[in-house]
Amino acid sequence: MHKEIVEFLNKEVAGCDATTKEVEVGHASVVVNADSVKAVCFALRDSSDYQFNVLQVVSGVDFEDRIEVNYIIASFIKNIELILKVKLPKAGKDETVKVESVCDVWKSANFLERETYDMLGVEFTGHPDHRRILCPEDWEGFPLRKDYVVQEVYQGMEVNPASKVNQDDFDFLSKAKLDAANPKFVSGSWDGNVSPELSDALKRKMEGLESNKEK
Amino acid sequence: MENSNNVEKLHTDLMTVNMGPQHPATHGVLRVEIKTDSEIVAEATPYLGYLHRCMEKHCEHLDYRGIIPFVDRMDYLASMNMEMGYSLAVEKMLGTEVPERAEYIRVLVSELQRVASHLMFFGTYAIDLGAFTPFLYAFQDREEILRLFEELSGARLLYNYIWIGGVWNDINDEQLRRIAKFCDKMEESLKKYHDLVGMNAIFIDRTKNVGVISEEMAYQYGATGPVLRGSGIDWDLRKKMPYGIYDKFDFDTVVGKGEMGTVGDCWDRYQVRVLEIFESLKIIRQVLDGIEEGPIIGKVPKIIKVPEGEIYVRTECPRGELGYHLTSDGGKNPYRLKVKSSCFTHTSMLGELGKGQMIADFVATIGSIDIVLGEVDR
Amino acid sequence: MSSSTEVNTNLYDDELTIGKWFKNIWTAIRSVTKGLGITFKYVYGVKPVTIEYPEVREELPANSRSRLFNDAENCISCYQCATACPVDCIYITAVRRDKEAPALKTKGGTPIKLDLLQYTIDTALCCYCGLCTTVCPTECLTHTTDYEFAQYTVDEMKYDYLADDVRAWRDRIVK
């Protein structure tokens, strides 16, 4: 099915560069040029062969160098579904990437694109109501990007305050290692989130032990 | 003459009313900002995110088994169906074979869950429209299902029961007999409930011709499930693209016919849901006849590593189609797990549906779409 | 301003005739009697289904997933529960046993090579998913059927399974 769609798209929409790749596991997708996504969507919706009348999801995936936006569309008349993909090169941290909105094709794109903007920072040009949807309006950063760091203070409130983190339990392992004669005999389920002073002290102790051994 | 001129000069403004986030009719923490012209809604804007936990980010840091308790918490009224979709997605990527008995149990629990969820809709929708008693009746029957699930899985609401490759615990004969008895009782009492609520003159007046979703609008907004079927479209994923072993069962798709008013009004959606309970009971009876002894969990590696690739799996949930778009890079945790929530797309309809309605009718419309905010915000 | 909004009017433009008027009365009476009939059947025909909670307590099913209990005597400190936990609420620290110390074994016969120093579960964080109990090799970590464990502060929700007061549950739970 994918090959026919690629042929159809290359014939119908000039410059969309549709390609597809056979996959061993999961589902194949059709990749198109980001500039022509709206024309492609119109062509797929209005073609009598496919009649993709429903937009199911707009889902973004953040990779190291690019953000992929997947439009998963389905035809409830012809009983088929398709993953349509555009690849957008990433500019930098907290910088949005741009692609044309498909709100005119399917109205459900309105909320779905807003969610993708909110979570991944994909800006949809020509969107009628381009705001954040799940996070507050003044939230910083895009949570589903891989390099996202939660902001420390939001409207005067501390995000993840220390009083709500079980610091004593996290530190228990390091303390036990410090107290023990041979820290290598002590093991635990917890490695991260240790207070910096403790981890420094532990590092010094380990170095001391090793230098003793060398002597 | 002079007086009437003055009246025309009087300046009337639209009044902004916040419905929610703490409002009994919004079924959770949905806020709808309504601009009202006296009793009539001129503009409705839904604001989401009050229950946003960023599940999708959590899932990126969990192993594949550990995600199941999290997907439970998305649509907490239909946890079994949520688990089923997720397990199917991972199994398809892994190529795991699920034993026959496990498949039967899966269908059994997800249909029972559908009954429980629709009963919940029945009760809360009656409350939205001012009838309190049906709520208690519905909960009484729902309680039996929850009790059974508690014995099966150990929890009442968030089961973690359907695992990758099969199910957690086996079901015994005594429980199967109890389900059979429950089906008979449910069928009888549901007819009674439908007479009490669905055929009530006040209920019909409140719901007919209200919140009409036309066929075109349903497609445009990507509506699925009972909302789509309520608009008169014959589309049920279990029939059209069967997953699991749904192709073995014989049942009908319920479609709204506009018996009381227009096709696609609130009454149709109510009707579709109530009749769907009967269809679910039909499936459950066939499961009880067909289930055989055997293993309940297939062969799954101890540490699950899904091969590189992507997959999109849809299942039919009580509220509509649920999709999982799973992208894997071959590691121990998913690279990205996107959840397609039907409630989210249905919420986007509220703006257009609300225009020109009375406020009380708007409440009826929100209720008839049957959203669960846990799934909307995720 | 007010002219900009349009009302869905097809609800109200039915013309009322005498026939309709009587028909409406008939519909109202019929549906009210039907509804009240069902309601009265419930008033006199059905036993109460609720229980009066503090006086009557329901026994939960045997495999119900409620408060966790770790039998520290049988724990071999394998960390599998902590690894499986999706919310990371189990904290374990253990130290290797001296070779001279007397050899210990669990009920099932597995030798214990590590001494527990810390076994804490933050019950306030716990999501009762049951994944930790399924991976436990010696079956020392179990879900009990206790469901009343409300506390005044969040800190009290943290259970130290090596403390004496928590160990005292053992007689009640481990059979």
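Protein chains in written order, with our numbering: chain A, 957 to 1171; chain B, 6 to 383; chain C, 12 to 186. Using N, Cα and C, we set each Cβ at its ideal position, and we do this for glycine too. If you're wondering where the values come from, they're calculated on a predicted model, not measured in any experiment.
- Take residue 1106(A), set aside five residues on each side of it, and the residues of its chain with a beta-carbon closer than 6 Å to its own are 1115, in chain order.
- Distance between residue 314(B) and residue 37(B), taken at the CA atoms: about 39 Å.
- Residues of chain A with a Cβ closer than 8 Å to the Cβ of residue 316(B) are, in chain order, 981, 982, 983.
- In the pairwise beta carbon analysis, the region 280–290 of chain B is classified as touching the region 111–121 of chain B: at least three pairs are separated by under 8 Å.
- When DSSP reads this structure, residue 986(A) sits in a beta bridge with 976(A), 1040(A).
- Within chain B, the residues whose beta carbon sits less than 8 Å from that of residue 1089(A) are 53, 54, listed in sequence order.
- The C-beta of residue 1143(A) comes no closer than 8 Å to any C-beta of chain B.
- DSSP places residue 341(B) in the strand class (E or B) of the three-state scheme.
- Shown here for residue 83(C): same chain residues with a beta carbon closer than 7 Å to its own, the five before and five after excluded, namely 127, 130, 172, 173, 178 in chain order.
- Inter-segment contact for the region 332–351 of chain B and the region 996–1004 of chain A is absent: fewer than three beta-carbon pairs are separated by less than 8 Å.
- In the DSSP annotation of this structure, the continuous segment of the beta strand (DSSP E) that includes residue 1142(A) starts and ends at 1142–1144.
- Listed by position along chain B, the residues whose Cβ is nearer than 7 Å to that of residue 46(C) are 201, 205.
- Contacts with chain B at 8 Å (Cβ-Cβ) do not include residue 27(C).
- Beta-bridge partners of residue 81(C) (DSSP): 152(C).
- In the same chain as residue 1103(A), and ignoring 5 residues on each side of it, the C-beta atoms closer than 7 Å to its own belong to 1049, in chain order.
- Selection 319(B), 73(B), 25(B), 50(B) evaluated against residue 61(B) yields 73(B) as nearest (Cα-Cα).
- Among the CB atoms of chain A, one or more fall inside 8 Å of the CB of residue 61(B).
- In this structure, residue 45(B) lies near residue 361(B), with their beta-carbon atoms less than 8 Å apart.
- Contacts with chain B (Cβ-Cβ distance below 7 Å) from the region 98–109 of chain C involve no residue at all.
- For residue 166(B), the closest Cβ of chain A is not nearer than 8 Å.
- With respect to the 8 Å criterion, residue 212(B) and residue 275(B) are classified as neighbours on the basis of their beta carbons.
- Below 8 Å, too few C-beta pairs join the region 338–346 of chain B and the region 120–140 of chain B to call them touching: fewer than three.
- If you ignore the 5 residues before and after residue 1066(A), its C-beta comes within less than 8 Å of the C-beta of 1059, 1083, 1084, 1085, all in its own chain and listed in chain order.
- Residue 1071(A): not part of any beta strand (DSSP E); member of the alpha helix (DSSP H) spanning 1065–1076, first to last residue.
- Between the alpha carbons of residue 114(B) and residue 162(B) lies a distance of about 13 Å.
- Taking one beta carbon from each stretch, the region 61–74 of chain C and the region 101–109 of chain C have fewer than 3 pairs nearer than 8 Å; the two do not touch.
- Under the criterion of beta carbons closer than 8 Å, residue 95(C) and residue 143(C) qualify as touching, at roughly 5 Å.
- Beta-bridge analysis with DSSP links residue 172(B) to 167(B).
- By the 16-neighbour rule on beta-carbons within 10 angstroms, residue 300(B) is exposed.
- No Cβ-Cβ contact shorter than 8 Å links residue 224(B) with residue 354(B).
- The C-beta distance from residue 169(C) to residue 145(C) rounds to 23 Å, too long to fall under 8 Å, and the pair is not in contact.
- Taking one beta carbon from each stretch, the region 1018–1027 of chain A and the region 1072–1083 of chain A have 3 or more pairs nearer than 8 Å; the two touch.
- Taking a contact as a CB-CB distance under 8 Å, the pair residue 981(A) and residue 98(B) counts as one, their CB atoms being some 6 Å apart.
- DSSP lists 1022(A) as the beta-bridge partner residues of residue 1045(A).
- Residue-level contact check: residue 234(B) does not touch chain A, since none of the beta carbons of chain A fall below 8 Å from its beta carbon.
- Under the three-state reduction of DSSP, residue 196(B) is assigned to helix.
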